[in-house]
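Each residue of the sequence shown is one higher than the one before, counting from 1 in the UniProt record's numbering.
Notes to accompany the following structure.
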Amino acid sequence: MGKARWFAVMSEERYRRILESTKSLFLEELRVKSADIADTIERWRLGSVADDRLVDHLYRQTHTLKGVALTVGFADVHDIADAVSEFKHRHEESPLPKEELDRLAERAMKLEIYR
1 MGKARWFAVM
11 SEERYRRILE
21 STKSLFLEEL
31 RVKSADIADT
41 IERWRLGSVA
51 DDRLVDHLYR
61 QTHTLKGVAL
71 TVGFADVHDI
81 ADAVSEFKHR
91 HEESPLPKEE
101 LDRLAERAMK
111 LEIYR
């Protein structure tokens, strides 16, 4: 094997290991954040978390996942995070429509499968 080919193979192997490690770290963070999101939504449904606090919390928790989600193959997580972000920005200066907030909470609860 030539030197150039050896470096190419080693680079591919290194990239694969880095991606696997990143995916593992992402899954651990996703488990923790999805449990926290589910808990917060449950408390919101019971009336102990205000609507605006729920949106802020969902945004903070999903925003950190959004950037890496596509890289490690979790398009569904990226899509949920994107929906939360879009909702937050769309309603920053307006009242939070209850029906839309309910739908957003239901969508965010889909992250619970990663617990």
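All C-beta atoms in this analysis are idealised placements derived from N, C-alpha and C, irrespective of residue type, glycine included.
From a predicted model like this one, the values you see are computed outputs, not experimental measurements.
Legend entry - Range covered by the alpha helix (DSSP H) that runs through residue 87: On the sequence shown, position 87 is the one that residue 87 refers to. Residues 75-90.
Inset, instruction - Could you check the C-alpha separation between residue 106 and residue 44 for me, to the nearest Å? - result: Counting from 1 along the sequence shown, the entry for residue 106 is found at position 106. Counting from 1 along the sequence shown, the entry for residue 44 is found at position 44. Their Cα atoms are separated by approximately 12 Å.
Inset, instruction - Starting from residue 67, trace the alpha helix (DSSP H) both ways and give me its first and last residue. - result: Residue 67 sits at position 67 when you count from the first residue of the sequence shown. Where residue 67 is concerned, the enclosing alpha helix (DSSP H) stretches over 51-69.
Legend entry - Proximity below 8 Å, CB of residue 88 to CB of residue 59: By 1-based counting over the sequence shown, the position of residue 88 is 88. By 1-based counting over the sequence shown, the position of residue 59 is 59. Yes, they are a contact pair.
Legend entry - residue 38 to residue 74 span [Cα, whole Å]: For the purposes of this step, residue 38 is taken as residue 38 along the sequence shown, with counting starting at 1. For the purposes of this step, residue 74 is taken as residue 74 along the sequence shown, with counting starting at 1. Using only the alpha carbons, I get a separation of about 19 Å.
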